[in-house]
Structure formats: structure tokens, C-alpha cells
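Structure, as C-alpha cells:
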Amino acid sequence: LAELIEKIVLRLFETPSEHYFSSREYEADENTEIKNLTAVQQLGIKMAVGYGKHLNLLKENAENDLYQVLIYCEKYLKQQEVLLRTSLRNQGGYACYDWFVSSVFLIMMGDREKTLTFFHQFSYLLVSAFLWVPRLHNSIHLPVDTAVSGIHPVYFCSAHYVEMLLKAELPLVSSAFHMSGFTSSQICQQWITQCFWNYMDWREICHYIAICIFLGPDYQIYMCISVFKHLQQEILQHTQAQDLQVFLKEEALHGFQVNDYVEYMESLAQTYRPVLLRDMRNIGMPST
Numbered sequence: 001l002a003e004l005i006e007k008i009v010l011r012l013f014e015t016p017s018e019h020y021f022s023s024r025e026y027e028a029d030e031n032t033e034i035k036n037l038t039a040v041q042q043l044g045i046k047m048a049v050g051y052g053k054h055l056n057l058l059k060e061n062a063e064n065d066l067y068q069v070l071i072y073c074e075k076y077l078k079q080q081e082v083l084l085r086t087s088l089r090n091q092g093g094y095a096c097y098d099w100f101v102s103s104v105f106l107i108m109m110g111d112r113e114k115t116l117t118f119f120h121q122f123s124y125l126l127v128s129a130f131l132w133v134p135r136l137h138n139s140i141h142l143p144v145d146t147a148v149s150g151i152h153p154v155y156f157c158s159a160h161y162v163e164m165l166l167k168a169e170l171p172l173v174s175s176a177f178h179m180s181g182f183t184s185s186q187i188c189q190q191w192i193t194q195c196f197w198n199y200m201d202w203r204e205i206c207h208y209i210a211i212c213i214f215l216g217p218d219y220q221i222y223m224c225i226s227v228f229k230h231l232q233q234e235i236l237q238h239t240q241a242q243d244l245q246v247f248l249k250e251e252a253l254h255g256f257q258v259n260d261y262v263e264y265m266e267s268l269a270q271t272y273r274p275v276l277l278r279d280m281r282n283i284g285m286p287s288t
């Protein structure tokens, strides 16, 4: 899988028409000051490395290598941040743990150089804006008004369209959310931000990443719809029990396999792809 993903990303990277973000060369500036890792980041590294060793993907020195990868990526993205003069949001770095970086590190079996090469190439592609959530934190690639709002494209684009597609494709699930008093977008944002860690098996996480890279960022939306389709009966049951939010936030996605829903996702793409990809490509455009 690692070799296949590397080849696909390299092919896209070498095709100028596939470049969404600026072709300007960015490098991790060694002089960029990165504060000590937060308690959340330290815990995230321990969890990621522990999981990687459990899967027999990582060796003993993996913790330090993952630390170096995270620091490099943080410095790399720091070069693409813009200082926003507003009191509406925190000017600090990305507050959550970067689960996507950890996922790629495990896919590359702890190879630090391969992981860094991947991110350098991957960061030019549109799909990086949606899979790699810290990619657009305080980013110069977003319109100023969007950056000031602090609302990530994963929320105002991906999760927004999940809600729209739910109404059309799974109206009972959409009604269940309405009756429960919270939105599907809240759940999707948590799934995506965590790269489905703690929800999907490792194989399915790899399939999620691969299918979005191979087939396009709109498959992130179809993936969420497929999960809701898989959970429909349980969602209706937990709506009656009035514990739907707890169920979706705390339970793993038992029995969900990406392969079972590929044809369904392809059918969604045939209907919705023109509109979804258009709006995903427009995330860098000023709002009107």
C-alpha cells in the first residue's frame, strides 16, 4: 500500500494540472521556533507508536522518528501561515493532534524520509486540504475572511455536503439527527479530524486514505454517507433510546468495510461529483 500511494502521489505531483496549491517551494525552516510538544501531542505520539507496534509496523526507535516528522510538518506549515489581526480566534498553532501524519507514518512503516517526501509532494494536491486537517490552519491559501472565521473547509465544505446528501439519500438518518438535536456535521468533523482512528480498523483507515487520494477528495463525503448507511438501523434505535450522540462519538464502526460500499460511493459520485468537486476547488476563492 505504501508503494502504491507513493507512486500515485508522485504521478500527481509531477502533473502540473493536478497542483492545486502554489508551486512555490516551501521548506521547514530550521529557525522557526516550535514550542515544546503539548500534553495532547505527547500522548498522541505514545498512542500512535503503541498502535503501530501492536500492528507490527514500527520498530523500537519509532517514537523519536514520529516526533521528528511531526516537528518537520509543523515547521513546514508554519511557513504558510498568515498573521490574522483579530480577537476572534487563537493565533497559536494547530491545537489538536495530527492523526493524519501518524497514519501516513504507519503506512510508511516508520520510514521517516519516505514520510517526509510524501508530505512534500502531497501538500501540493487539493486532497491534502481535506485529509490533512492542519494543512489549512491559519493558512495563506485561504481567503482572509475564511481564515479569520476559523472554520475549516472540512466543516464548511465536506461536512456541509454530508448533511445535504443525507437529506437526499438517507432521509430517515437525516430526520434522526434533527430529532436528536445535533448535526451529522459534528460527528463527521470528529471522524475526519481523527482520521477515523478509534472508529475504524487499521485496514479500513488505510482504505479511506487511499480511496480519497486515488479517486478524489469528494470521496471523503461519500465515505461518511456510506458509514451512515451502514449504521442506519442502529442510528434509528439509538434515536429512540435518546443516546444517539453518545453512541456515534464513543462506539467503533463495527462491521464497516470500505470494499462493501465502493459501488455505492461510485453511484454517489456519478450524481454529485460535478457540484462537490467544483466547491472543493473553490475553497481558496473569496466568498461573495
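Taking UniProt numbering, the leading residue of the sequence shown gets 1, the next gets one more, and so forth. For every residue, glycine included, the Cβ atom is placed at its ideal position computed from N, Cα and C.
Endpoints, the alpha helix (DSSP H) within which Trp197 is located: Note, Trp197: premise wrong, no alpha helix (DSSP H); not H, not E.
CA-to-CA distance, Leu244 to Leu131, given in whole angstroms: 26 Å
Rounded separation between Ile211 and Glu266 - CA only: 11 Å
Proximity to Gly216 [Cα-Cα], best of Leu43, Lys53, Glu18: Scanning Leu43, Lys53, Glu18 for the CA closest to the CA of Gly216 turns up Glu18.
Minimum C-alpha distance to Trp197 - residue among Glu251, Glu6, Asn282, Leu276: Glu251
Start-to-end residues for the alpha helix (DSSP H) that takes in Asn259: Unbroken run through Asn259: none, as it is neither H nor E.
Distance between beta carbons of Tyr199 and Leu253, contact taken as under 8 Å: 5 Å
Assigned secondary structure, Glu81 (DSSP; H/G/I helix, E/B strand, else coil): Residue state, collapsed to three classes: strand.
Range of the contiguous alpha helix (DSSP H) that encloses His54: 39-54
As assigned by DSSP and simplified to three states, the class of His178: In the structure shown, His178 sits in a helix (DSSP, three-state: H, G or I).
Within 8 Å, strictly: CB atoms of Ile187 and Gln220: no
Integer Cβ distance of Gln121 from Val9, believed to fall under 8 Å: 5 Å
Residues that Ser267 bridges to, as DSSP identifies them: Under DSSP, Ser267 shares a beta bridge with no residue.
Same chain, Cβ closer than 6 Å to Cys224, five either side skipped, listed in chain order: Val162, Cys188
Any 3 or more C-beta pairs closer than 8 Å across the region 106-126 and the region 227-238: no
Beta-carbon gap between residue 291 and Val173 smaller than 8 Å: Residue 291 falls outside the range modelled here, since the chain spans only 1 to 288, and no answer is possible.
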